[in-house]
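Here this note's numbering is used: the first residue of the sequence shown is 4, the next is one more, and so on. Think of the CB as a built atom: it goes at the ideal place given N, C-alpha and C, for glycine as much as any other residue. This structure is a prediction, so every number in the text was calculated from the model and none was measured. Notes to accompany the following structure.
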Amino acid sequence: MKVVLGIVGLLAVLGVAYGLAFAGIIPTQKWAAKSPALGKALTALHLAKPKPKAAVVAAAPPSAPAPEQATLDAEKQQIAAERAQLDKDKAALEAQQQQAPAVPAPDAAPPPDSGAKLIALYAAMSPDDLARIFAKLPDPMVVKTLMQMDEKKAGKVFAALPPDRAARLSELMESRTPTHPASAAAPAPATVLQ
């Protein structure tokens, strides 16, 4: 009975050791590298990987033949010449730009009468169409346009706009409307206390 218990205990210890080695907790690969005989046994038990066989190293290819090297050298010289020409052209262009008079960009400032033409165009449109257009324009531009339009037409456009946008535009228009100096400078009526 003691022998059976001893064998069972030994098998349990070996099973735990095998499990730890298989999981990689016990460094069996290092042991296999140090001892060739132990390495064969651990490899047979699938606890160590076999040593990789040495790969055959191919000889380095010979250097590029002379004709290919000559072609590469010629291409390098051509690229260098093209780069020098580009640098020369760039310097000439920069000098020309410095000498040329400043020309305003085509879309930098609209002609002075374009605002009047735009207002006339908007005046010919229906208020609903204008509301759809104004929905896509920024508030300052819409306010500027509405302030130049006829009051009746602007009122119809306001009616066609969503209420929150109309209110916001009204506030912006009110802030842009100049105050009358006579009403601003007039003193408040005096009240007499008795």
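Next on the checklist: Buried or exposed for Phe225, going by 16 or more other Cβ atoms inside 10 Å?
Outcome noted: The question about residue 225 has no answer here: the residues shown for the chain are numbered 4 through 197.
Next on the checklist: I believe Leu140 touches Leu172 by the beta-carbon criterion, under 8 Å. Please report the beta-carbon distance rounded to the nearest angstrom.
Outcome noted: In fact, because the Cβ distance is near 11 Å, the residues do not count as touching under 8 Å.
Checklist entry - Does the region 125–135 touch the region 151–170, meaning 3 or more C-beta pairs lie closer than 8 Å? => result yes
Next on the checklist: I'd like the span of the alpha helix (DSSP H) that includes Lys5, first residue to last.
Outcome noted: 5–25
Next on the checklist: Counting C-beta neighbours from all protein chains within 10 Å, is the total for Gly273 16 or more, i.e. buried, or is it exposed?
Outcome noted: Because the chain here runs from 4 to 197, residue 273 falls outside it and cannot be looked at.
Checklist entry - Out of Gln100, Met4, Leu50, which has the shortest C-alpha to C-alpha gap to Ala26? => result Leu50
Checklist entry - Should Leu164 be labelled buried (16 or more other beta-carbon atoms within 10 Å of its own) or exposed? => result buried
Next on the checklist: Given the structure, does Lys155 come close to the ligand SAM, in the sense that its CB is under 8 Å from one of the ligand's heavy atoms?
Outcome noted: Ligands displayed in this structure: none; no statement on the ligand SAM is therefore possible.
Item to check | Through-space distance from Leu124 to Val1, alpha-carbon basis | outcome: Missing from the structure shown is residue 1; the chain here goes from 4 to 197 and no further.
Item to check | Start-to-end residues for the alpha helix (DSSP H) that takes in Ala163 | outcome: 154–163
Item to check | Residues of its chain near Leu23, where Cβ-Cβ distance is below 6 Å and the 5 sequence neighbours each way are ignored | outcome: Ile29
Checklist entry - Do you know how far the Cα of Met4 is from the Cα of Leu17? => result 20 Å
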